[in-house]
Structure formats: structure tokens, C-alpha cells
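Protein chains in written order, with this note's numbering: chain R, 878 to 1131; chain F, 5 to 439.
Just so it is clear, CB atoms sit at the ideal spot from N, CA and C, and this is done for glycine as well.
So the structure is just underneath, and the comments pick up after that.
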């Protein structure tokens, strides 16, 4: 589904990604871990198309299409979803209008007619229950005055509404208490299916107890330096990243 | 008088032979003559005139050889329907170049309601008492010019405790086969406890000739009366306008004024002044200007607090695209007697066009010591984070910008108390942004 080949990217002349290779097949969950500043969130931003990043080398293919040539909105319409680490507050845009616009943009792109008001409401209700999203928040301005947990839940709710084939969760767990974490994780687990892939970017192994990955990759200094199964996350929790960093530096000096 | 002024075509006629002018022969000759004398003495504003520092009206007056005219014209239902607001249940009143066209109008009737042409209302009690009584009309050059030579307009007088069950939708049609300088004049009087909603729209039939409107609306909101006044300026390339609205409020009254300027009138100047004669009043002045191309939009507002315990709240929001140019002046005068005044003012702008400009000037003169007054000004651009967030949710760049502009203007549009009008304005803003 997603193939990343030798991806290099920089922001304001600073090299951030230095040759990422990653293959994410349909239906799998891949966790990306790594110390602060290793490039995890940058990878998410580059995949979603944030324009302050410049891709200097490499390719990204998504379902056979060149992702890097697409605008952010077309990537989303093709089925890439980024759950933001810091969801943006937009006063004056109601959550419900925003969602309706987003859902119908995707439908139009796919050649489907816009949803009737009734159908849209039905879909909304169903997905709201799925991710345990408070109805009161629906008519409020987008994320305005939401708590940290509410914002993250809103991201998962949007994920449910837009039903993408690839969801990238950028530190969705950071700053969440255990209850919120459980709710968010439950939402993700209910949305899992054989057609959908997830890239779960996280700092903490804790999330991976709830969302169990098929593979864990460690990102350091703009490169993936180790790939393993879910046990790798436990090992990292125990030993930290230093042993991997050292091994990497030794490799470099050789 | 500078040589520049003399180049304005009808100006010469004015100064050469006052008596030969096209003023209607009505009972107001004395008033007209003295207004004309005042106008001749002051002349047109220049960039040196304090209230016109950023707007060169003479440049706009010289664009075309405008003819002074007060000749009535008529229009068709199809043209008037262009101003229709979907879902709005209202009494529609159609004025063509200021002249009431009765066959296209449904005028509310009933005890204590008097609505008709100004020319047919000079005998009304409210007319005798209030016409040309506002300080900001008497002595302002363009208002004086209007007083001297206005053609016609709409008179409204509601007697005590009369309210109209539906909004009045006042449709101004401007049409002429020659470049015309048109001067409508209106007077609306709400006596004690009366209530009304007036929505003004404009229609500009497609034509070669350009219309320049210099209109004056005098508004009186007496004790405990309430007026909701919406001015929707959906312009056209073949239109220019100076709009003077002069309101006075008596005690316990409420006046809510919305000024919404949309494309494409190249030149708009709105003079809005409110003078508070009685205490415990509420005044809301809300504005949106969404300008494109080379539009020049100048909003000059003046809140005049004469008495204690009054509240005024002013909020103007600007969205400027392309080379659009906007001016906002917020003058607040709190007189020494006007203790316990609350007077707030905000002017926020988004500059989208690379060459768009805003000149914003608060002018607070406060002579009372126990008051709460504030003002604020911002000018910014779209938030990149917000734009990316929307685009990452499949919303195209143009649609995302439209959403953000609607979001920016929402604290004004949310206050529109007529739901059909609110939907309409939000829809118009979205449509303009999507183009």
C-alpha cells in the first residue's frame, strides 16, 4: 500500500530525513518509535504534504500513485489520513460543517454524490458511538476550547468518518491520561480491518499495549535503524535508546 | 477652491448658478438653499480634510462626467428580484434611484405606521420634527450637497409601541442611461417603544453608464424603541457610493447597525454616526468589508456619547484580496457628562492580496473620568496551520480559505438576527471566496 524509498527531506535547509525506506502492506499496523528529534513527526508531515518540508531525494508510492506529486487535499482524498499531534483550533468553523465538507470532498473526488443530510447524520451518530465522541462537541467550533483528550478523540472521530486506507497517528497518545488513552485506542482497534493500514508514531511503549503493532521501527537521526516485532517496543521501554544509538554511531565510524 | 475641484463637471454648474439646479420645487427650498451655501463655502473634501485623509473622493468624482439628476426612473420585477434573499419573509419596498416604485412594493400598513415617499411625507409630524436635525448631516459637505439637491427616498414613521411584524426589505435599484450622480434621502423615525427591522440591498442592472450615489439616511430611535438596520452592499462595477447614515438615540433605546460591503463597487465610503441623547442606550455597530480587485472601501464611524450610562460596541472585520484598499476610522467622543459610558471598538483584518492595504485609525476623545473604553486593531494573514489542517482533511485550498474567511467573519455574521439573511451573507462570503 505504502512504499517509501530512500526518502530525504529538509526544512529551512536543515536535513531532517536522511534516507527512509519503509514498506507498509495492506492491513498492517506499523509503529514508529524513536527519541525526540529523530524525525518521527517530520515523516508524518512529509507524508501528509505539509509544504514547509522539501523532499530532496527519494520516492513515496501510495497504492501505485506518486504521493509526493499530490497536494495535501488530494492525498487525503486518495485515502491518507494524518491524526495531528497538535490538532488546530479553528474558531467559527463548526465541527459538523467541517466534517460535512470534508466527507463530501472525498465523495466528490471518488465520483459519488454528496451525502444527504439524513445519511450524513446517521453516519455521524454511528461513528460517534464507535469512538465515544461527545455529541455536545459536534456543534462547537472545531477543537476550540477542547481539552487535550477531546482533541485527540476528535481526530479519531474524523478518522472514522473519512474512513481512509492509511492512517498515520502522530503521537496521538502524548498527553493523554490512561482513560483517554483507552478510549482512543479502542476507537482505533474498532476501525482496524484487513483493508486499512496504520502508522502509529509514538514516544511511549504504553500505547502499543492497546494498539498492538505488527512491526516496530526505530527512527534515529532521520533513518530507520532497527526494525522488529512488538517485543522490540518492550525492549526499548526497558533499555532506552542509547544502546541503539551507540551501535549506530559505531557503524558510522567504521 | 483648487483648480482640481473645478474639473468635476457638475461642480461648476453648482457654483455658477445655484438657482438653475435640478432641485425639486418642494416646501424645503429654504433648507436646500442654505445647505447649498454651506456646501459651496466648504467645497468637496480633499486629502487634507481630517476625515478623508485616506480617500481621495475627487479622484472618483472625476472618473466620469456625472450629471446631477433627480428624474424618476422605473424598473421591472425581474430586476428587483435580483435582490431576493432566499427564505426571507419580508415587506419588499423598491426604490429606483431613490424614487419609490409602488407597483413592485408591498408597504406595511396599519395604525401608527406611515411609510411612503419622502416627497409625499413632508406633512408627517416626524418629518417636521426630525428632518435634517442631525448634527452630522448639517455641516458635512456631502450631506449638505444631498440636502440641497436630493431627489426622493423612503420615509418611515412608527408611532409609539408600534412594531412591524416582518422585516422591511428595502431594495435600491440604481439605473441610468447616462453617467449619473444620484442623491437619495431617507428618514426613519421610531417613536417611543416602536420596533422594526430594515434590510437594505442594492441592485445594479447591467449597463454602460455609471451611477454615483450620494445617499443620506437619518434615523431616529426614540425612548425604548429598537431598530435592527442591515445594509448589504452587494455592488457592481458600474456603481460608486457615499452612504451617510446618521442615527440619534433617545433613552433606553437600542440601535443595531450592520454594514456589509461585498464586491465589486470600486468606491465605497460609509459615514455612520450615532449620537446618544438619552441614557441607558445600547448601540451595536457591526461591519464586514470583503473587497477584491481594486476596490476602495472606507468606513468612517462616529459614536457620540453625550449622556451617562450608555453602551456602544463596535466591531468591523475586513477581508482584503488582490489590490483592495480599505480604510477604517473609529471615532468615539465621550463628553464630560457621559459618565459610566461603556464604549468598545475592534477592527480586525485579514490581508490576503499581496497589494491589499488597510489604514485603520481609532480616534478616542474621552472627557469623562468614570468610563470603560477600549479599542483594538489587528491585521494578519491566514494561519498556515489552520489551512494545512483543513487541506489534510481533503478540503481543497480554495474551499479551505472560504471556510476560514467565514470563520473570521463569524462573530459579526452570528449576530445577524434574521436567519435567512445570516445564511445568505455567509453563503455570499463563501461564494466570493470560492471564485
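Chain F contact for residue 876 of chain R (CB, 7 Å cutoff): Because chain R in this structure spans residues 878 to 1131, residue 876 of chain R falls outside the shown range and cannot be described.
Test item: CB-CB of residue 351 of chain F and residue 381 of chain F under 7 Å: Counting from one through the second chain, the residue named residue 351 of chain F turns up at place 347. Counting from one through the second chain, the residue named residue 381 of chain F turns up at place 377. Going by beta carbons, residue 351 of chain F and residue 381 of chain F fall inside the 7 Å limit.
Every unbroken beta strand (DSSP E) inside the segment 295 to 382 of chain F [3 residues or more]: With a minimum length of 3 residues, the unbroken runs of beta strand (DSSP E) contained wholly in the segment 295 to 382 of chain F fall at 300 to 309, 315 to 324, 329 to 338, 346 to 355 and 361 to 370.
C-beta contact flag for residue 968 of chain R and residue 1027 of chain R at 7 Å: To locate residue 968 of chain R, count along the first chain from 1; it is residue 91. To locate residue 1027 of chain R, count along the first chain from 1; it is residue 150. Not a contact, by the Cβ cut-off of 7 Å.
Meets three-Cβ-pair contact criterion under 8 Å: the segment 101 to 118 of chain F and the segment 236 to 244 of chain F: Put simply, the segment 101 to 118 of chain F does not touch the segment 236 to 244 of chain F. Fewer than three CB pairs are less than 8 Å apart.
Closer than 8 Å at the beta carbon, the chain R residues around residue 410 of chain F: By one-based count along the second chain, residue 410 of chain F stands at place 406. Near residue 410 of chain F (Cβ distances below 8 Å), the residues of chain R are 969 and 970.
Under 7 Å between C-beta atoms of residue 205 of chain F and residue 186 of chain F: As a working mapping, residue 205 of chain F is identified with position 201 in the second chain. As a working mapping, residue 186 of chain F is identified with position 182 in the second chain. Not closer than 7 Å, so no.
Nearest-angstrom beta carbon gap, residue 200 of chain F and residue 158 of chain F [assumed within contact, 8 Å]: Counting from 1 along the second chain, the entry for residue 158 of chain F is found at position 154. Counting from 1 along the second chain, the entry for residue 200 of chain F is found at position 196. Wrong, their Cβ atoms sit about 12 Å apart, outside the cutoff.
Pairwise C-alpha distance: residue 925 of chain R and residue 246 of chain F: Looking up residue 246 of chain F in the second chain gives position 242. Looking up residue 925 of chain R in the first chain gives position 48. Taking the Cα positions, residue 246 of chain F is about 49 Å away from residue 925 of chain R.
Nonlocal neighbours in the same chain, by C-beta distance under 6 Å from residue 3 of chain F, ignoring five residues either side: Because chain F in this structure spans residues 5 to 439, residue 3 of chain F falls outside the shown range and cannot be described.
Contact residues within the segment 414 to 429 of chain F, judged by C-beta distance below 8 Å to chain R: Answer set for the segment 414 to 429 of chain F: 414 and 415.
Outcome for residue 438 of chain F when other beta-carbon atoms lying within 10 angstroms are tallied against a minimum of 16: Reading the second chain from its first residue, position 434 is the one you call residue 438 of chain F. Classification for residue 438 of chain F: exposed.
Residues that DSSP places opposite residue 1047 of chain R in a beta bridge: Counted from its first residue, the first chain places residue 1047 of chain R at position 170. Residue pairing for residue 1047 of chain R: DSSP places it in a beta bridge opposite R:1078.
Residue 1126 of chain R - DSSP class collapsed to helix/strand/coil: Here residue 1126 of chain R corresponds to residue number 249 of the first chain, with the count starting at 1. The answer is helix: DSSP assigns residue 1126 of chain R an H, G or I state.
Contact with chain R by residue 391 of chain F, beta-carbon distance below 7 Å: Sequence index remark: in the second chain, residue 391 of chain F carries index 387 (1-based). For residue 391 of chain F, the answer is no, since every Cβ of chain R falls outside 7 Å of its Cβ.
Residue 413 of chain F, DSSP secondary structure in three states: Here residue 413 of chain F corresponds to residue number 409 of the second chain, with the count starting at 1. Residue 413 of chain F falls in the helix class under three-state DSSP.
As assigned by DSSP and simplified to three states, the class of residue 961 of chain R: Translated into the one-based positions of the first chain, residue 961 of chain R becomes position 84. Coil at residue 961 of chain R, not helix or strand.
Cutoff 7 Å: residue 9 of chain F Cβ touching any chain R Cβ: Counting from one through the second chain, the residue named residue 9 of chain F turns up at place 5. Reliability fails at residue 9 of chain F, whose pLDDT of 42 lies under 50, so the model's placement of it is uncertain and the value that follows must be treated cautiously. Chain R places no beta carbon closer than 7 Å to that of residue 9 of chain F, leaving this residue out of the contacts.
Residue 847 of chain R: contacting residues in chain F (beta-carbon distance under 9 Å): The question about residue 847 of chain R has no answer, for chain R in this structure spans 878 to 1131.
Length of the line joining the Cα atoms of residue 295 of chain F and residue 364 of chain F: For this step, residue 295 of chain F is matched to residue 291 along the second chain. For this step, residue 364 of chain F is matched to residue 360 along the second chain. The straight-line gap separating the alpha-carbon atoms of residue 295 of chain F and residue 364 of chain F is approximately 15 Å.
Residue 1061 of chain R, DSSP secondary structure in three states: Locating residue 1061 of chain R in the first chain gives position 184, where the first residue counts as 1. Of the three classes helix, strand and coil, the one that applies to residue 1061 of chain R here is helix, per DSSP.
Nearest residue (CA-CA) to residue 57 of chain F, options F:331, F:418, F:370 and F:431: In the second chain, counting from the first residue as 1, residue 57 of chain F sits at position 53. Checking every option, the nearest Cα to that of residue 57 of chain F belongs to F:331.
Limits of the alpha helix (DSSP H) - the one that residue 188 of chain F falls within: Numbered from its first residue, the second chain carries residue 188 of chain F at position 184. Careful: residue 188 of chain F lies outside any alpha helix (DSSP H) and carries neither H nor E.
Rounded straight-line distance, which links the Cα of residue 394 of chain F to that of residue 1056 of chain R: Taking the first chain and counting its residues from 1, one reaches residue 1056 of chain R at position 179. Taking the second chain and counting its residues from 1, one reaches residue 394 of chain F at position 390. Distance between the alpha carbons of residue 1056 of chain R and residue 394 of chain F: 28 Å.
Continuous alpha helix (DSSP H) assignments of at least 4 residues falling wholly in the segment 890 to 956 of chain R: Taking only runs of at least 4 residues, the alpha helix (DSSP H) segments lying wholly in the segment 890 to 956 of chain R are 917 to 925 and 949 to 955.
Own chain residues within Cβ distance below 7 Å of residue 916 of chain R, not counting five before or after: In the first chain, counting from the first residue as 1, residue 916 of chain R sits at position 39. The beta carbon of residue 916 of chain R lies closer than 7 Å to those of 893, 894, 1096 and 1099 in the same chain, with the five residues before and after it left out.
Cβ-Cβ separation, residue 360 of chain F to residue 326 of chain F (assumed contact under 8 Å), whole Å: For the purposes of this step, residue 326 of chain F is identified with residue 322 of the second chain, where counting begins at 1. For the purposes of this step, residue 360 of chain F is identified with residue 356 of the second chain, where counting begins at 1. With a Cβ gap of about 7 Å, residue 326 of chain F and residue 360 of chain F count as contacting.
Proximal chain F residues relative to residue 954 of chain R, where beta-carbon distance stays under 8 Å: By one-based count along the first chain, residue 954 of chain R stands at place 77. Residues of chain F passing the Cβ test: 398.
Reduced DSSP category for residue 292 of chain F - H, G, I as helix; E, B as strand; rest coil: On the second chain, residue 292 of chain F is found 288 positions in, with the first residue counted as 1. Under the three-state reduction of DSSP, residue 292 of chain F is assigned to strand.
Spatial neighbours of residue 87 of chain F in its chain, beta-carbon cut-off 7 Å, leaving aside the 5 residues before and after: Within the second chain, the letter at position 83 stands for residue 87 of chain F. Excluding its 5 nearest sequence neighbours in each direction, residue 87 of chain F has C-beta neighbours in its own chain below 7 Å: 175, 205 and 207, listed in chain order.
Buried versus exposed, by CB contacts within 10 Å (16 or more), residue 48 of chain F: For the purposes of this step, residue 48 of chain F is identified with residue 44 of the second chain, where counting begins at 1. Buried, because 16 or more other Cβ atoms sit within 10 Å of the Cβ of residue 48 of chain F.
Test: residue 407 of chain F CB closer than 7 Å to a CB of chain R: Stepping through the second chain from its first residue, residue 407 of chain F is reached at position 403. Judged by the 7 Å Cβ criterion, residue 407 of chain F is in contact with chain R.
Best match in R:1126, R:890, R:1066 and R:1039 for proximity to residue 905 of chain R [C-alpha to C-alpha]: Against the first chain, residue 905 of chain R aligns to sequence position 28. Considering only alpha carbons, the answer is R:1066.
Backbone CA spacing between residue 343 of chain F and residue 421 of chain F [nearest angstrom]: Along the second chain, one-based indexing puts residue 343 of chain F at 339. Along the second chain, one-based indexing puts residue 421 of chain F at 417. Roughly 30 Å separates the two Cα atoms.
Whether residue 413 of chain F touches residue 264 of chain F by CB criterion (7 Å): As a working note, residue 413 of chain F is residue 409 in the second chain. As a working note, residue 264 of chain F is residue 260 in the second chain. No, the Cβ-Cβ distance between residue 413 of chain F and residue 264 of chain F is not below 7 Å.
Rounded separation between residue 320 of chain F and residue 1077 of chain R - CA only: Taking the first residue of the second chain as position 1, residue 320 of chain F is located at position 316. Taking the first residue of the first chain as position 1, residue 1077 of chain R is located at position 200. Each residue's Cα considered, the two are about 45 Å apart.
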